[in-house]
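**Q** The structure under discussion is supplied below as structure tokens; questions concerning it will follow.
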Amino acid sequence: AIGIPLSKRSPSVGGMARQLGEFDSIREFLTSATITALVDLPFALLFIVIIYIVAGDLALIPIFGSIIIIAVTLYLQPKLKQAIEESNRFSSLKHGHLIESLTALESIKANGAEGLVQKSWQQMIGHTANWQLKSKKLSNHVAHVANFVVQITVVLVVILGVYRLADNEISMGGIIAAVMLSSRAIAPMAQLAGLISRGNHTMSSLRQLDAIMEEDDEFEDKGHLVSKERIMGKIEADNISFSFPGTEKPSLHPMSLRIKPGERIAIIGRNGSGKSTLAKLLLGLYKPTQGSLRYDGLDSAQIHPSDLRRNFGYLPQDVTLFHGTIRDNILFGSRQVTEHQLMRAIQLSGVNMFTNLESEGLDQQVGEGGLALSRGQRQTVALARATLNDPSILLMDEPTASLDARAEKQFIRSMQLVSRDRTLLLITHKMHLLNLVDRIIVLDKGHVMADGPKDEVLAKLNSGAISGGQNA
Numbered sequence: 108a109i110g111i112p113l114s115k116r117s118p119s120v121g122g123m124a125r126q127l128g129e130f131d132s133i134r135e136f137l138t139s140a141t142i143t144a145l146v147d148l149p150f151a152l153l154f155i156v157i158i159y160i161v162a163g164d165l166a167l168i169p170i171f172g173s174i175i176i177i178a179v180t181l182y183l184q185p186k187l188k189q190a191i192e193e194s195n196r197f198s199s200l201k202h203g204h205l206i207e208s209l210t211a212l213e214s215i216k217a218n219g220a221e222g223l224v225q226k227s228w229q230q231m232i233g234h235t236a237n238w239q240l241k242s243k244k245l246s247n248h249v250a251h252v253a254n255f256v257v258q259i260t261v262v263l264v265v266i267l268g269v270y271r272l273a274d275n276e277i278s279m280g281g282i283i284a285a286v287m288l289s290s291r292a293i294a295p296m297a298q299l300a301g302l303i304s305r306g307n308h309t310m311s312s313l314r315q316l317d318a319i320m321e322e323d324d325e326f327e328d329k330g331h332l333v334s335k336e337r338i339m340g341k342i343e344a345d346n347i348s349f350s351f352p353g354t355e356k357p358s359l360h361p362m363s364l365r366i367k368p369g370e371r372i373a374i375i376g377r378n379g380s381g382k383s384t385l386a387k388l389l390l391g392l393y394k395p396t397q398g399s400l401r402y403d404g405l406d407s408a409q410i411h412p413s414d415l416r417r418n419f420g421y422l423p424q425d426v427t428l429f430h431g432t433i434r435d436n437i438l439f440g441s442r443q444v445t446e447h448q449l450m451r452a453i454q455l456s457g458v459n460m461f462t463n464l465e466s467e468g469l470d471q472q473v474g475e476g477g478l479a480l481s482r483g484q485r486q487t488v489a490l491a492r493a494t495l496n497d498p499s500i501l502l503m504d505e506p507t508a509s510l511d512a513r514a515e516k517q518f519i520r521s522m523q524l525v526s527r528d529r530t531l532l533l534i535t536h537k538m539h540l541l542n543l544v545d546r547i548i549v550l551d552k553g554h555v556m557a558d559g560p561k562d563e564v565l566a567k568l569n570s571g572a573i574s575g576g577q578n579a
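Note that the numbering used here has the sequence shown beginning at 108, numbered continuously upward.
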């Protein structure tokens, strides 16, 4: 699941987690009980043959009983299948809602939306419970019919056997054998009925897992790709455009860009203009809908995703930290890092400005999702992570959005040092950060409105000759 491209991932994290958890139900189905039912099935036919040999036409009773069980089971299967599919669908929605609510608990409480969220949760539980109850009732119907037929089969064999005994057509031993074998002959059919019912749930789970497993893995079968350990920073975008999966409206309209190694570029524009989307395309998180991206003359499709991303120092707009220490999160995804590299990264990022005040230092726990740190502290940790491996391209998406004035000054000083001889791509709304760049690209509604030297573009923006930079 980790290797699934972002364009193919499920929109519901909780739903996807539940689908992956269906491995347990499949494993449970493939147990000894299942195998036993399948092994007993051929013996049921053998028992019927033996009944026919010792008791004649009494063998027809377990045959008809088996037919009734299978017929009822098959008749109820479409309804049972629908109930299971709907139950699984609402269960996935329920898990997605739960994960979303727990993640956004602070926002829910701050907006007084507990009642609304609780009502939505109860509705999903109600729908899930209704469909689960329906599937349980249908499964019980099959089980009850099977048990009834097993019992009535034995009774009918005894009754008809007595009449055959009175007519001297069968011996007492034949009746006893027929009674014993008829129950053994029809029992596997009853087990098979229950097996078919459970099989519906398993097949539903298997289809959900297949939908995940059939997705392309961006790290699979990549032996034909070029190994590119170091990208110098030359980026060429030819007529690239992009639309998010499931949407027809383009997020980026066809555009062409040329970025030279060592250039320092700001990408500015209104909210929703496509700045972060362009950043994710450059990082290889998404593939252009059309057009091509080249790095040092190589098409992005020829470079292994890991090699490409390793050359980027990426600071996303929304920082995510993982349970562990500050040190763990700075080293996250890195291979071999020296102590000198680590200390340099924490000084450049400003992490030392708050870790020096704590007795635990870099061993301070960040909590799940980094909740033990402030948003600004999380951003400085992510900045340290981005600069740790001496990347050739720095891609910063609103890097100072959560920093205070002191930390922002530290960031500017650090960028002036660390961006030397590197390609810097800076997405920002803050005008004073433009002192770090020499070139500006202005985006508006997915279009490139301007691209050129900083002073020329700023002059056009100030004169109103171009639009799209009002939020910068």
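No residue lacks a Cβ here, since even glycine has one placed at the ideal position from N, Cα and C.
Going by DSSP, what residues sit across from G559 in a beta bridge?
**A** BP columns for G559 point to I547.
**Q** Would you mind stating whether V458 and L428 have Cβ atoms separated by less than 8 Å?
**A** The answer is no: Cβ separation not under 8 Å.
**Q** Taking DSSP as the reference, what is the three-state secondary structure of S348?
**A** Three-state result, S348: strand.
**Q** Which residue's Cα is closest to the Cα of R401: N418, K356, R365?
**A** Per the Cα distances, R365.
**Q** Could you check whether V333 and L389 sit closer than 8 Å to each other, using their CB atoms as the reference points?
**A** Taking 8 Å as the Cβ cut-off, L389 and V333 do not qualify as a contacting pair.
**Q** What does DSSP give as the partner residue(s) for R434 in the beta ladder?
**A** According to DSSP, which records beta bridges pairwise, R434 is partnered with nothing at all.
**Q** Just the C-alpha distance for A344 and M231, rounded to the nearest angstrom, thanks.
**A** Approximately 46 Å between the Cα atoms of the pair.
**Q** By how many angstroms is the C-alpha of L550 removed from the C-alpha of A579?
**A** With a pLDDT of only 44 at A579, under 50, the local geometry of the prediction cannot be trusted, and the value read off the model is given with reservation. Cα to Cα, the separation comes out at about 11 Å.
**Q** By DSSP's criteria, A373 is part of a beta bridge. Which residues make up the other side?
**A** Answer by DSSP bridge pairing, in chain order: L533, I547.
**Q** Helix, strand or coil for L501, going by three-state DSSP, please let me know.
**A** Residue state, collapsed to three classes: strand.
**Q** Are the segment 409 to 419 and the segment 487 to 504 touching by the rule of at least three beta carbon pairs closer than 8 Å?
**A** Judged by Cβ distances under 8 Å, the segment 409 to 419 makes contact with the segment 487 to 504, as three or more pairs qualify.
**Q** Could I get the ranges of all uninterrupted alpha helix (DSSP H) runs contained in the segment 211 to 261, with 4 residues as the minimum, in chain order?
**A** Fully enclosed alpha helix (DSSP H) runs of 4 or longer: 212 to 217.
**Q** Within the same chain, show all residues whose beta-carbon is closer than 8 Å to that of I168, passing over the 5 residues directly before and after it, in chain order.
**A** Contacts found: T260, L263, V264, L267, S289.
**Q** What would DSSP say about F197, mapped onto helix, strand or coil?
**A** Three-state result, F197: helix.
**Q** Is it the case that the segment 178 to 190 contacts the segment 293 to 305, given that we only count it when at least three CB pairs across the two stretches are under 8 Å?
**A** In short, these stretches touch, since the Cβ pair count reaches three.
**Q** How should R529 be labelled, buried or exposed, when 16 other C-beta atoms within 10 angstroms of its C-beta is the threshold for buried?
**A** Buried is the call here.
**Q** With distances taken Cα to Cα, identify the nearest neighbour of M522 among L422, H248, A285, W238.
**A** The option with the nearest alpha carbon to M522 is L422.
**Q** By how many angstroms is the C-alpha of N237 removed from the C-alpha of I519?
**A** Spanning the two alpha carbons is a distance of roughly 58 Å.
**Q** Compute the Euclidean distance between the alpha carbons of H251 and H308, then round it to the nearest angstrom.
**A** Going by the C-alpha atoms only, they are around 19 Å apart.
**Q** So what's S574 in DSSP terms, helix, strand or just coil?
**A** Reduced to three states, the DSSP call for S574 is coil.
**Q** Could you spell out where the beta strand (DSSP E) holding M362 opens and where it closes?
**A** Run containing M362: 359 to 366, per the beta strand (DSSP E) assignment.
**Q** Does the distance from the CB of I155 to the CB of I174 come in under 8 Å?
**A** Cβ distance not < 8 Å, so I155 and I174 don't count as in contact.
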